[in-house]
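*Asks:* Structure provided below as structure tokens; questions to follow.
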């Protein structure tokens, strides 16, 4: 009798886990479809071991991923600065590094804190502020000469996804 009860409990728990995972996957897909970059959004959130139960959890995952991406880009910029011999290019890269540093240390972490407190408006402002700085970095370079164009492009996509999810939270 005890084995039967144990087996039944195990089956119930397994079923609940599968239903929860299906619900989370559906929620992730529904939310990511409302962003400008569905595939990128879906891949990032699905690959995160923390399964979000709502858009609030999803946007926190996106912003934390954005912080990691920005940190990698800053490291890349700092490596380029060490190698560059052109002073004009060095100045442009330094400007870009100075754009990434506050985003990593202050702006994006403040956005996460604001989301956790339910202050989605301030979080949205923080995302817009970070986007503005990345766009300013892009404008330092003309044409295709930027060694950061693809990295900045990804950064802007990540910020756009976060902004779209925040819009859902602001309107919901």
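In mature numbering (1 follows the signal peptide of the UniProt record, and there is no 0), the protein residues as written are -24 to -1, 1 to 148.
Cβ coordinates follow ideal geometry from the N, Cα and C atoms, glycine included.
#1: For the pair the stretch 86 to 100 and the stretch 108 to 126, tell me if three or more CB-CB distances fall below 8 Å.
#2: Can you tell me where the alpha helix (DSSP H) with residue 35 in it begins and where it stops?
#3: Distance check for residue 141 and residue 7, CA to CA, integer angstroms please.
#4: For residue 34, which residues of its own chain have a beta-carbon under 7 Å away from its beta-carbon, when the five flanking residues on both sides are left out?
#5: Take the Cβ of residue 46 as the centre, count every other Cβ of all protein chains shown within 10 Å, and call the residue buried at 16 or more, exposed below.
#6: Just tell me which of 19, 49, 80 has its CA closest to the CA of residue 103.
#7: Less than 8 Å between the C-beta atoms of residue 136 and residue 31, yes or no?
#8: Look at residue 117 and residue 58 and say whether their C-beta atoms are less than 8 Å apart.
*Replies:* A quick look at the data gives this:
#1: Cβ pair count under 8 Å is below three, so no.
#2: Following the DSSP letters along the chain, one finds residue 35 inside the alpha helix (DSSP H) bounded by residues 31 to 59.
#3: Taking C-alpha positions only, residue 7 is separated from residue 141 by approximately 7 Å.
#4: Cβ within range, chain order: 4, 7, 21, 28, 141.
#5: Buried, by the Cβ-count rule.
#6: Answer by Cα proximity: 80.
#7: Between residue 136 and residue 31, the C-beta gap is not smaller than 8 Å, which leaves the two residues out of contact.
#8: The criterion of a C-beta distance shorter than 8 Å is not satisfied by residue 117 and residue 58.
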